[in-house]
Amino acid sequence: MKYRKFGKLDIEGSAFGLGCMRFNGAASGDSTIDEKKAISLIRRAIDGGVNYLDTAYVYLDKTSEIVLGKALLDGYRNRVTVATKMPKEAVHNRAEMQALLDEELKKLQTDHIDFYLMHGINREKWEAFKEIGAPEFFDDMKKEGKIRYKCFSFHGDYEDFAYIIQDSDWDMVQIQYNFMDIDHQAGTKGLELAGSLRIPVVIMEGLLGGRLANAPDNVQALYDRFPVKRSAVEWAFRWLCDRPEIATVLSGCNETAQIDDNLRIFDSLEPGIMTPEEHHLMDEVRKAYLSRTKIGCTSCRYCMPCPQGVNIPGIFSAWNDASLYGTDPKKDWGFQNLVRNGQTADHCVACGACEAACPQHLPIIDSLRQAWKELDAPEG
1 MKYRKFGKLD IEGSAFGLGC MRFNGAASGD STIDEKKAIS LIRRAIDGGV
51 NYLDTAYVYL DKTSEIVLGK ALLDGYRNRV TVATKMPKEA VHNRAEMQAL
101 LDEELKKLQT DHIDFYLMHG INREKWEAFK EIGAPEFFDD MKKEGKIRYK
151 CFSFHGDYED FAYIIQDSDW DMVQIQYNFM DIDHQAGTKG LELAGSLRIP
201 VVIMEGLLGG RLANAPDNVQ ALYDRFPVKR SAVEWAFRWL CDRPEIATVL
251 SGCNETAQID DNLRIFDSLE PGIMTPEEHH LMDEVRKAYL SRTKIGCTSC
301 RYCMPCPQGV NIPGIFSAWN DASLYGTDPK KDWGFQNLVR NGQTADHCVA
351 CGACEAACPQ HLPIIDSLRQ AWKELDAPEG
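Using the working numbering, the final residue of the sequence shown is 380, and nothing's skipped along the way.
The structure is reproduced here in structure tokens:
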């Protein structure tokens with residue numbers, strides 16, 4: 001296992017960090033965990049050299065921390081660093097923050113959390129965290145030894161990221177990043193900004209929720225033509241680990257074979273490993289994926305709100321995902337949520353308000369009809 005410096009921190013972490021959100025292997029909804037199997041997977045990863053484990057209060061209906069805590073008994077806790085998270089929705093004052101942290105420590109069966117993250121924040125959530133004194137609470141918990149590092153995980157745009165990362169004294173940040181997300185959310189600009197501040201970056205969604213693990217035909221053809229043969233998974237992780245700003249890449253595993261494959265892959269990955277030819281390949285792979293785009297919607301939301309309640313950007317996002325990555329809308333939680341909430345394209349009455357507002361002048365009405373036809377109007 002390759003180990004990487006955590007920016008300004010005096011520690012090293014495994015290039016492969018085990019994400020503890022997907023132990024059950026379920027596509028969505030089901031949070032039942034086979035504890036014996038999950039504990040075996042965690043310990044197999046640690047025995048293979050993994051020393052960074054990531055969970056969260058809400059993962060798997062609040063059971064992930066419990067399972068991880070059991071896996072870290074018998075001396076395993078002393079071999080790893082643990083990251084978990086505080087969701088803003090669960091806390092409204094200092095007393096609730098203290099109670100939640102104490103609950104997490106109990107679940108994890110530990111006296112301290114190494115990396116404690118404000119979970120999935122954007123500018124709005126960051127301001128809400130500040131209003132209840134979260135930055136001061138985290139600093140106080142560092143002094144008491146209940147947490148080692150003050151961190152945040154991020155879902156928002158680059159401008160929000162740039163503001164948040166420079167608005168407090170952070171020890172680590174976690175962002176969504178992969179070869180398709182170079183201009184999405186924090187993106188490459190955010191990664192480089194964190195690097196310039198010497199703040200270590202942990203990567204989530206390196207495989208885009210598994211979407212990049214199975215390449216469509218036009219992408220696989222590019223991989224097949226390259227002289228060196230690697231799986232789509234290995235190419236995605238190799239591309240990430242080339243970046244020196246990245247401290248560790250999270251990967252969720254629910255089978256022993258996935259643990260072993262990741263241990264093999266990350267055993268040779270380090271900054272600067274990609275050749276110019278390999279970078280060119282991944283640029284072509286990105287273009288091949290993007291060529292499958294159904295509609296160039298940027299989710300600017302100028303078309304919203306729809307008078308009929310249609311979630312236009314959500315429909316187009318599901319349509320593009322199905323085309324780019326082969327996702328099944330019947331198993332996609334986000335799209336099924338649109339169905340449950342009655343926000344689907346079949347409610348469109350072709351009033352034209354969306355097309356009048358669209359800065360890209362997209363043919364929204366006809367595209368919604370085609371999207372609904374191809375998404376097969378799944379049952380809610």
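For each residue, glycine too, the CB sits at the ideal point set by N, CA and C.
Being a predicted model, the structure only gives us computed values, none of them experimental.
| Item | Value |
| --- | --- |
| Beta-carbon spacing of Met97, Ala134 below 9 angstroms | yes |
| Closer than 8 angstroms: Gln220 CB and nearest the ligand HEM heavy atom | As far as ligands go, the structure on display features none, and thus does not contain the ligand HEM. |
| Beta-carbon proximity of Leu41 to Val82, cut-off 9 angstroms | no |
| Exposure of Lys107, with buried meaning 16 or more beta-carbon neighbours within 10 Å | buried |
| Length at least 4, wholly inside the segment 37-103: the alpha helix (DSSP H) runs in chain order | 59-62, 64-71 |
| Inter-residue Cα distance where the pair is Ala221 and Pro359 | 35 angstroms |
| Sub-9 angstroms separation of Glu245 and Leu324 beta-carbons | no |
| DSSP bridge partner residues for Phe23 (one or two, in chain order) | Answer is none; Phe23 lacks a bridge partner. |
| Buried or exposed (CB count within 10 angstroms, at least 16 for buried), Leu250 | buried |
| Contact under 9 angstroms by Cβ, Gln343 with Asn311 | yes |
| Stretch pair the segment 177-187 + the segment 282-297: three plus CB contacts closer than 8 angstroms | yes |
| Nearest-angstrom beta carbon gap, Lys88 and Leu269 [assumed within contact, 8 angstroms] | At roughly 34 angstroms, the Cβ-Cβ gap does not stay under 8 angstroms, so Leu269 and Lys88 are not in contact. |
| CB contact flag (Cys303, Ala353, <9 angstroms) | yes |
| Inter-residue CB distance, Ile199 and Val173 (contact presumed, cutoff 8 angstroms) | 6 angstroms |
| Buried or exposed by the 16-neighbour rule on C-beta atoms within 10 Å, applied to Ala215 | buried |
| Val173 in three-state terms, based on DSSP | strand |
| Between the CA atoms of Phe237 and Asn218 - distance to the nearest angstrom | 20 angstroms |
| Simplified DSSP state of Thr256, which is helix, strand or coil | helix |
| DSSP-derived helix/strand/coil call for Tyr116 | strand |
| Contacting residues, own chain, Cβ-Cβ under 6 angstroms from Arg44 (five flanking each side not counted) | Ile259 |
| Buried/exposed call for Lys8, threshold 16 Cβ in 10 Å | exposed |
| Every unbroken beta strand (DSSP E) inside the segment 214-267 [3 residues or more] | 246-252 |
| 9 angstroms Cβ cutoff met for Asn51 and Arg22 | no |
| Which residues DSSP lists as bridging Lys5, in chain order | Glu12 |
| Span separating the alpha-carbon of Ala99 from that of His92 | 11 angstroms |
| Val67 to Asn262 span [Cα, whole Å] | 21 angstroms |
| Identity of the residues DSSP links to Ser153 by a beta bridge | Gln174 |
| Bridge partner(s) assigned by DSSP for Ile203 | Ile175, Val249 |
| Rounded separation between Cys20 and Leu60 - CA only | 9 angstroms |
| Under 9 angstroms between C-beta atoms of Arg4 and Pro271 | yes |
| Residue of Ser317, Asp332, Phe115, Lys125 minimising C-alpha distance to Asp171 | Phe115 |
| At least 3 beta-carbon pairs within less than 8 angstroms: the segment 154-162 vs the segment 206-213 | no |
| Three-state secondary structure (DSSP) of Ile147 | strand |
| Spatial distance of Asp47 from Leu73 (CA atoms) | 14 angstroms |
| CB contact flag (Phe335, Ala318, <9 angstroms) | yes |
| Three-way DSSP call (helix, strand, coil) for Leu18 in this model | strand |
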